[in-house]
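Under the working numbering, think of the first position of the sequence shown as 60, with each following residue one higher. Virtual Cβ for every residue (Gly too), placed ideally from N, Cα, C. A quick note: this is a predicted structure, and the numbers were derived from the prediction, not measured. Accompanying notes for the structure given below.
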Amino acid sequence: VTTIPFWHSMEGELGKEVDSLAQRFNAENPDYKIVPTYKGNYEQNLSAGIAAFRTGNAPAILQVYEVGTATMMASKAIKPVYDVFKEAGIQFDESQFVPTVSGYYSDSKTGHLLSQPFNSSTPVLYYNKDAFKKAGLDPDQPPKTWQDLADYAAKLKASGMKCGYA
């Protein structure tokens, strides 16, 4: 059995999901065993991964946040995932990822993935249409830019709300 150390930054329910994914993979692939290990927040895990690389004890898989990909490449601690796929003879369609997600993980010159997107966040903004009406804003036109958000928040506060956004 080939053991595959996987250091991650998922705790709580997300950590349980990572454990579940590993268990399912291990059950379906008896020649391999992914061993997930929580190594702290993104910064702590990134630092641990670089330190482990320098001592020759890096995990096979290391989860870092999107900006951490550049740090790992600069430290020469990782092999680009597109090279891993190519060397393994795996055909991989990089276009299957939403461009705004894959862009964070890709080489700006070639457009190829340097690391594999995992756990990308999708920020969501909820807004109160009744509060928009009270502030004289069009309730069917939510903010589209950060400047819109700041402007709308000021109008919401001026209309009597304690806070324009939270």
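Counting only residues of its own chain and dropping the five nearest sequence neighbours on each side, F191 has a CB closer than 6 Å to the CB of P198. In the three-state DSSP reduction, L172 falls in the strand class (E or B). Here N116 is exposed: its Cβ has fewer than 16 other Cβ atoms, across all protein chains shown, within 10 Å.
Taking 7 Å as the cut-off, the Cβ atoms of V140 and S174 count as close.
Residue burial annotation: A194 is buried, with at least 16 other C-beta atoms found within 10 angstroms of its C-beta. Counting along the chain, no alpha helix (DSSP H) covers K92; the unbroken beta strand (DSSP E) around it starts and ends at 91 to 97. Out of V157, I93, I109, the CA that lies nearest to the CA of F65 is found in I93.
Nearest to I120 by alpha-carbon distance, out of Y224, I63, L208, is I63.
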